[in-house]
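Student:
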Amino acid sequence: MNNPSKRRSISKKVIFGLGLFLSVSYVAPFLLVLLNSVKPKFDILANPLGWPVNFTWDNFQEALRKMNFFRSLVNSIIITTFSVSVLIIFSSMLAYYLARTKNKFTKTTFLILVASMIVPFQALMIPFMSIFAQFVSINNRIALIFFYQGFGVALSTFLYHGFISKIPAEIDEAAAMDGANDFTIFWRIVFPMLRPVTATVAIVNSLWIWNDFLLPRLVLTPETQTLPLSTYLFYGQYSTQYGQAMAGLLLAVLPIIIFYLVLQRQFISGISTGAVK
Amino acid sequence: MSQQSRSQQIRKFLTFGAIPLSIFLAVLVYPFAQGLFLTFTNWNGFKYTKLAGFENYTKSFRDPTFWATLGFTLKFVLVSVILVNAVAFGLALLVTSKLKSSNIFRTFFFIPNLIGGVVLGVIWQFIFNTAITAIARKFNIPFFQDSWLNDTNKAFWALIIVTIWQSSGYMMIIYITGLISIEQDVIEAAKVDGASPLRMLTAIKIPLMAQAFTISLFLTMRAGFMAYDVNLALTGGGPYRTTELISMHIFQEAFAFGHFGTGQAQAVLMFFMVAIAALIQVRISKRLEVQQ
């Protein structure tokens with residue numbers, strides 16, 4: 001009777017060893033960046049894997065200044081927060097309308113929204129820029145937030161739609177009997193019940209918008225650029241200043257990793273419901 | 001539900017649907033339709049003077065670099081779909097194997113997914129161009145002394161490695177959800193019947209979570225066709241435009257060379273490729289799901 005349990009404990013150790021090895025390899029690139037961000041350039045070239053001997057903070061000072069870190073960070077935060085908040089408002093309302101009012105128009109609209117998710121941005125990128133050039137030149141941040149509504153509304157509405165369909169319509173009707181109007185019914189009664197989906201919608205869209213590159217690259221100017229843009233430009237210019245480049249990359253990944261480690265549980269559950277739907 | 005009157009329905013539309021749907025029309029539907037129309041004209045990025053039939057399409061097909069890009073893209077999609085899903089499913093099995101440390105492992109595997117492709121791409125560019133070559137010189141390993149990114153074939157595998165590293169954590173989450181959803185009774189019953197772990201996997205677990213495969217295969221395929229960020233930041237299309245995926249090719253065609261008509265025609269072709277591939281894949285997967 002001893003043998004099977006012994007075998008099981010050995011296989012557990014093997015699995016653990018494999019997991020540990022893979023975990024280390026998944027974070028190794030970040031550790032390499034961290035390690036080299038505090039080394040002077042020549043130490044990096046001599047031995048990129050070596051422990052920092054001539055420890056220095058200079059790389060960070062230079063990187064913070066050259067990539068306009070704080071300005072880009074604020075831009076990223078403003079654009080992501082506004083885009084996601086408005087997206088939550090618009091898509092939850094649209095989903096409520098599509099789920100509660102059943103007619104040919106709403107059914108077709110819902111199908112079109114779902115089908116549109118397959119359209120890659122690249123398929124409309126070229127005319128897009130000539131159509132909206134004027135809007136972009138007036139205020140590119142507002143334009144970008146507006147664009148994200150158009151590109152994000154399909155998936156978010158789809159997520160909300162599935163959840164709202166499961167809420168009995170009697171709840172709305174009871175409130176309507178008490179004399180509440182549509183707007184109040186939605187915001188006071190229905191919307192608070194949508195909290196789990198709202199979390200999913202918020203996380204899925206935040207990750208996408210925070211990291212988006214192609215659309216901001218076409219729309220934003222140096223003053224309004226987001227973190228991925230300024231990181232890319234900075235790296236392109238200073239890639240041979242290895243230490244500074246590494247410090248810049250570390251600064252670029254830090255905000256979202258901290259955010260993730262704090263809200264880990266919500267992230268994982270948000271992603272899994274968002275993807276499986 | 002009580003029937004809503006026509007005026008009620010219109011009021012609801014104006015209150016809840018009108019604004020988001022107008023934005024959707026303006027941002028997505030209109031540019032898409034116009035893009036489709038413009039491919040049949042002699043558009044130069046600002047205006048068009050006449051209809052041009054299929055000229056933009058035939059021009060694209062006569063361009064050998066476009067064919068090269070298509071081939072490279074299809075190879076990339078095929079290899080990345082297979083490997084990302086294989087790795088992701090492996091990770092999911094590992095994380096659900098009832099280890100105490102599995103939550104920490106899961107956290108680590110997911111981290112690359114949080115970071116945008118451009119930042120990941122430049123991190124790996126440093127690894128391939130600087131870190132690996134420096135180590136290879138030190139220990140005299142010829143295979144790694146020249147950067148992988150300077151060789152078309154090796155650069156392809158560099159792209160694949162980074163793509164696996166980036167997206168396997170996300171697909172792992174989908175597979176974990178699938179594995180967890182399998183009822184424990186079924187697994188216990190199979191154990192009592194003496195099913196081996198391998199047989200348990202192929203005969204019970206995989207069929208019962210077929211939906212997770214449908215979703216994950218679809219998402220990786222779509223991501224493969226649309227890949228741009230990692231491509232740009234890692235290889236930049238080089239050496240000599242030989243590692244350009246279709247997305248970057250379209251961008252270059254339009255914004256670097258000013259060929260707006262052919263660029264847009266290629267974008268439309270890309271859309272149809274994604275749509276057809278997605279339809280075929282989902283249809284096959286659904287049929288397999290039903291059979292179970």
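Heads up: the sequence lines are chains A and B, in that order.
Going letter by letter, the first sequence gives residues 1 to 277 in the working numbering.
Going letter by letter, the second sequence gives residues 1 to 292 in the working numbering.
We put the beta carbon where it would ideally sit given N, CA and C, even for glycine.
1) Under a Cβ-count criterion, where at least 16 other Cβ atoms within 10 Å of its own Cβ denotes burial, should PHE30 of chain A be classed as buried or exposed?
2) Mind checking which residues open and close the alpha helix (DSSP H) that includes PHE147 of chain A?
3) Note down, in chain order, all residues in the stretch 259-287 of chain B with a beta-carbon under 7 Å from any beta-carbon belonging to chain A.
4) Could you check where the alpha helix (DSSP H) with GLN211 of chain B kicks off and where it finishes?
5) For a contact meaning CB atoms closer than 7 Å, what does ILE123 of chain B contact in chain A?
6) By the DSSP assignment, the alpha helix (DSSP H) with GLN166 of chain B in it spans what residues?
7) State yes or no: is the beta carbon of GLN264 of chain A nearer than 8 Å to at least one beta carbon in chain B?
8) Does LEU49 of chain A come out as helix, strand or coil in the three-state DSSP assignment?
9) Below 8 Å between beta carbons: does that hold for PHE109 of chain B and SER130 of chain A?
10) Compute every distance between the C-beta of PHE72 of chain B and the non-hydrogen atoms of the ligand ZN, then say whether any falls below 7 Å.
11) Give the secondary structure of LEU99 of chain B by DSSP, where H, G and I count as helix, E and B as strand, and everything else as coil.
12) Under DSSP, the alpha helix (DSSP H) around THR80 of chain A begins and ends at which residues?
13) Roughly how far, in whole angstroms, is the beta-carbon of ASN75 of chain A from the beta-carbon of GLN237 of chain A, given that I think they are within contact range, below 8 Å?
14) If you count every other CB in all the chains shown that lies within 10 Å of the CB of MET1 of chain A, and 16 or more means buried, which is it?
15) Using a threshold of 8 Å, state whether the C-beta atoms of ASN103 of chain A and GLN9 of chain B are closer than that.
16) Please list the terminal residues of the continuous alpha helix (DSSP H) segment that includes THR106 of chain A.
17) Determine the extent of the alpha helix (DSSP H) in which TRP124 of chain B is found, giving its start and end residues.
18) I need the straight-line Cα distance from ALA99 of chain A to MET171 of chain B, nearest angstrom please.
19) At a Cβ threshold of 8 Å, is VAL253 of chain A touching chain B?
20) ASP201 of chain B by DSSP, collapsed to three states: which one?
21) Roughly how many whole angstroms lie between the Cα atoms of TYR97 of chain A and GLY179 of chain A?
22) Go ahead and label ILE23 of chain B buried or exposed: buried means 16 or more other beta carbons lie within 10 angstroms of its beta carbon, across all protein chains shown.
23) So, are the CB atoms of THR214 of chain B and VAL122 of chain B less than 8 Å apart?
24) Determine the burial state of SER2 of chain B: buried for a count of at least 16 other Cβ atoms within 10 Å of its Cβ, exposed for fewer.
25) In the DSSP output, what is THR69 of chain B paired with across the bridge?
26) Excluding the 5 residues preceding and the 5 following HIS249 of chain B in the sequence, name in chain order all residues of the same chain whose CB lies nearer than 6 Å to its CB.
27) Here's the rule: buried if 16 or more other CB atoms are within 10 angstroms of the residue's CB, otherwise exposed. What is TYR240 of chain B?
28) Measure the C-alpha to C-alpha separation of ASN113 of chain B and THR133 of chain B and round it to an integer number of angstroms.
29) Could you check whether the stretch 131-146 of chain A touches the stretch 214-233 of chain A, counting it as contact only if at least three pairs of C-beta atoms, one from each stretch, sit closer than 8 Å?
30) Whole angstroms is fine: what's the gap from PHE16 of chain A's alpha carbon to TYR26 of chain A's?
31) Rounded to a whole number of angstroms, what is the C-alpha to C-alpha distance between GLY71 of chain B and ALA267 of chain B?
32) Spatial neighbours of GLY224 of chain B within its chain, please: C-beta separation below 7 Å, excluding the five flanking residues on both sides.
33) From MET117 of chain A to GLY150 of chain A, what does the alpha carbon distance come to, in whole angstroms?
34) Between which two residues does the alpha helix (DSSP H) harbouring ARG6 of chain B extend?
35) Are the CB atoms of LEU194 of chain A and PHE158 of chain A within a distance shorter than 8 Å?
36) Would you mind sorting PHE21 of chain A into buried or exposed? The rule is 16 or more other CB atoms within 10 Å of its CB.
Tutor: Straight from the coordinates:
1) Classification of PHE30 of chain A: buried, given that the 10 Å Cβ count is 16 or more.
2) First-last of the alpha helix (DSSP H) with PHE147 of chain A: 140-164.
3) Correct list: PHE260, GLY263, GLN264, ALA267, VAL268, MET270, PHE271, VAL274, ALA275 and ALA278.
4) Per DSSP, GLN211 of chain B belongs to the alpha helix (DSSP H) from 210-226.
5) Taking the beta carbon of ILE123 of chain B as reference, the chain A residues within 7 Å of it are PRO29, VAL33 and LEU249, listed in sequence order.
6) First-last of the alpha helix (DSSP H) with GLN166 of chain B: 152-181.
7) It does; some Cβ of chain B falls within 8 Å.
8) In the three-state reduction of the DSSP assignment, LEU49 of chain A falls in the coil class.
9) Taking 8 Å as the Cβ cut-off, PHE109 of chain B and SER130 of chain A do not qualify as a contacting pair.
10) With respect to the ligand ZN, the structure offers nothing, as it holds no ligand at all.
11) Three-state DSSP puts LEU99 of chain B in coil, outside helix and strand.
12) Per DSSP, the continuous alpha helix (DSSP H) segment holding THR80 of chain A begins and ends at 69-100.
13) Wrong, their Cβ atoms sit about 19 Å apart, outside the cutoff.
14) A caution first: MET1 of chain A carries a pLDDT of 45, below 50, which makes its placement in the model unreliable, though a value can still be read off. With fewer than 16 Cβ atoms within 10 Å of its Cβ, MET1 of chain A is classed as exposed.
15) For ASN103 of chain A and GLN9 of chain B, yes; Cβs fall inside 8 Å.
16) It spans 104-116 - the alpha helix (DSSP H) in which THR106 of chain A sits, taken as one unbroken run.
17) Run containing TRP124 of chain B: 117-126, per the alpha helix (DSSP H) assignment.
18) Roughly 29 Å between the two C-alpha positions.
19) With its beta carbon less than 8 Å from one in chain B, VAL253 of chain A belongs to the interface.
20) Correcting the residue identity first, residue 201 of chain B is Leu in this sequence and not Asp. Residue state, collapsed to three classes: helix.
21) C-alpha of TYR97 of chain A to C-alpha of GLY179 of chain A: approximately 19 Å in a straight line.
22) When all chains shown are included, ILE23 of chain B counts as buried.
23) VAL122 of chain B sits away from THR214 of chain B, with the two beta carbons spaced by 8 Å or more.
24) Because the pLDDT of SER2 of chain B is 48, which lies under 50, any placement of that residue in the model is unreliable, and the question is left without a value.
25) Note: THR69 of chain B sits in no beta bridge, so no partner.
26) Within its own chain, the residues whose Cβ lies closer than 6 Å to the Cβ of HIS249 of chain B, once the five positions on either side in sequence are excluded, are THR69, listed in chain order.
27) That one is exposed.
28) Per the coordinates, the alpha-carbon of ASN113 of chain B lies some 26 Å from the alpha-carbon of THR133 of chain B.
29) Note that the stretch 131-146 of chain A touches the stretch 214-233 of chain A; at least 3 beta-carbon pairs, one per stretch, sit closer than 8 Å.
30) CA-to-CA, the gap between PHE16 of chain A and TYR26 of chain A works out to about 15 Å.
31) In a straight line, the C-alpha of GLY71 of chain B is about 16 Å away from that of ALA267 of chain B.
32) Hits under 7 Å: PHE76, VAL77, SER80 and VAL81.
33) For MET117 of chain A and GLY150 of chain A, the distance between alpha carbons rounds to 11 Å.
34) Counting along the chain, the alpha helix (DSSP H) containing ARG6 of chain B begins and ends at 6-12.
35) No, they are not a contact pair.
36) Here PHE21 of chain A is exposed, its C-beta having fewer than 16 other C-beta atoms within 10 Å.
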